[in-house]
Amino acid sequence: MSITPLALWQALDDLAFQRGLSPSGLAKAAGLDATTFNPSRRRGAQGAYRWPALSSLLAALAVLNVSLSAFARHVEGGEGAGVSQRSSRLIPSLYFSQLSSNSLFDELGHPAGLEWEPAAIPGGAPAGAYAVRVDNAMLEPVIREGSSLIVLPDLPPRLSDRVLLAQAGQPPHVGIWHGGSPASIAPLLETLQDSGPQGQMIVPEGPPAVWVHRIIMITL
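Numbering (this note's numbering), first residue to last: 420 to 639.
Given below as structure tokens:
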């Protein structure tokens, strides 16, 4: 079997995600520069994926407590990397900073497009769920960088549920669903001012590319 750089990066992301680590969190834990494993550094000038440096990969595997042979089996799609495939489900995942991209969801609000990558969720996740990996400090202090949001688009939000609002061309928004007419989303912290980018916001009506999805779990 031919191993590609992309398959290697996906395997490393899966193992880190299973342990609640973002790419930057894994790099920091391994004593590397925080941007070592960032998606923006994985491609060359022509867009092709690069191979990670062997020293960086070994440092990351040491943090993950995964041997090189077990990692190779994971890359090839086998078991033996420390988490049984029977106890996890692969679901689409994306970084929080990528949620303003175009064409991320189909007409039903389900993940679509090439930007999504598979991620393993320990213990499984409901069918239709997707994961958002928090790769910046926009949601702190409530949700720290390195956390993951497990989102279920087919589950209607209830009053006071935590929700994710995604709109093409606009920054994503995470808050508390207030519903109503017009529907609104309150900030995660009640002490935040009701103004500015972190304040309560009215959910736009009409544009087909506006999605409000219910967050069912947050991994730390």
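Cβ coordinates follow ideal geometry from the N, Cα and C atoms, glycine included. Quantities reported herein were computed from a predicted structural model and do not represent experimental measurements.
- Residue Ile-621 holds the alpha-carbon nearest to the alpha-carbon of Trp-630 among Leu-608, Thr-638, Ile-621 and Leu-431.
- Relative to Gly-444, the option among Gly-565, Ser-475, Gly-547 and Thr-638 whose CA is nearest is Gly-565.
- Here the alpha carbons of Phe-490 and Pro-537 stand approximately 16 Å from one another.
- Listed in chain order, the non-local C-beta contacts of Ala-446 below 6 Å within the same chain comprise Ala-453, Thr-455 and Phe-456, local neighbours out to five positions each way being set aside.
- Take the alpha-carbon of Leu-483 and the one of Ala-550: they are about 20 Å apart.
- Short of 7 Å from the beta carbon of Ala-430, and not among the five residues preceding or following it, lie these beta carbons of its own chain, in chain order: Phe-490, His-493 and Val-494.
- In terms of Cβ geometry, Ala-587 and Ala-628 form a close pair [threshold 7 Å].
- Annotated three-state conformation of Arg-577 is coil, per DSSP.
- Per DSSP, the continuous beta strand (DSSP E) segment holding Ser-603 begins and ends at 603 to 605.
- Nearest in C-alpha terms to Asn-521, of all of Leu-451, Leu-608 and Gln-589, is Gln-589.
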